[in-house]
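Peer 1: Numbering (our numbering), first residue to last: 7 to 82. From the three backbone atoms N, C-alpha and C, an ideal C-beta is built for every residue, glycine too.
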Amino acid sequence: MSTTLNGRWCGVRGQITPEVLRYLDFDKSTRDTLKSPIRDPFKVDLSTLQMALDYLEVDGEISVKKRLVHEANHNM
């Protein structure tokens, strides 16, 4: 679809977090995808994200920095 719109894409895989594994393997409560840890099941290395943006020739350094600031503010 991205080629139809003259776009480009590059995938970045995330790593499932230990908290999600513990929740899925040992927690017997009802699953709720809107609650932690299922709400944020993966973490993505920001250097990998930067490599993907570089591959697409996008100025991603600004985007990654904005994301870091957003996450820092969100976690407070």
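Rounded to a whole number of angstroms, what is the C-alpha to C-alpha distance between C16 and K49?
Peer 2: 17 Å
Peer 1: Report the rounded CA-to-CA distance for T23 versus L30, giving the unit in angstroms.
Peer 2: A straight-line Cα-Cα distance of about 11 Å links T23 and L30.
Peer 1: Determine the closest residue to Q21 out of P47, R37, R73, with distance taken between C-alpha atoms.
Peer 2: P47
Peer 1: Given this structure, state the Cα-to-Cα distance separating D60 from K34, to the nearest angstrom.
Peer 2: 43 Å
Peer 1: Since L52 is in the alpha helix (DSSP H), which residue starts that stretch and which ends it?
Peer 2: For L52, the uninterrupted alpha helix (DSSP H) run begins and ends at 52-61, by DSSP.
Peer 1: To the nearest angstrom, report how far apart L27 and R19 are at their CA atoms.
Peer 2: 17 Å
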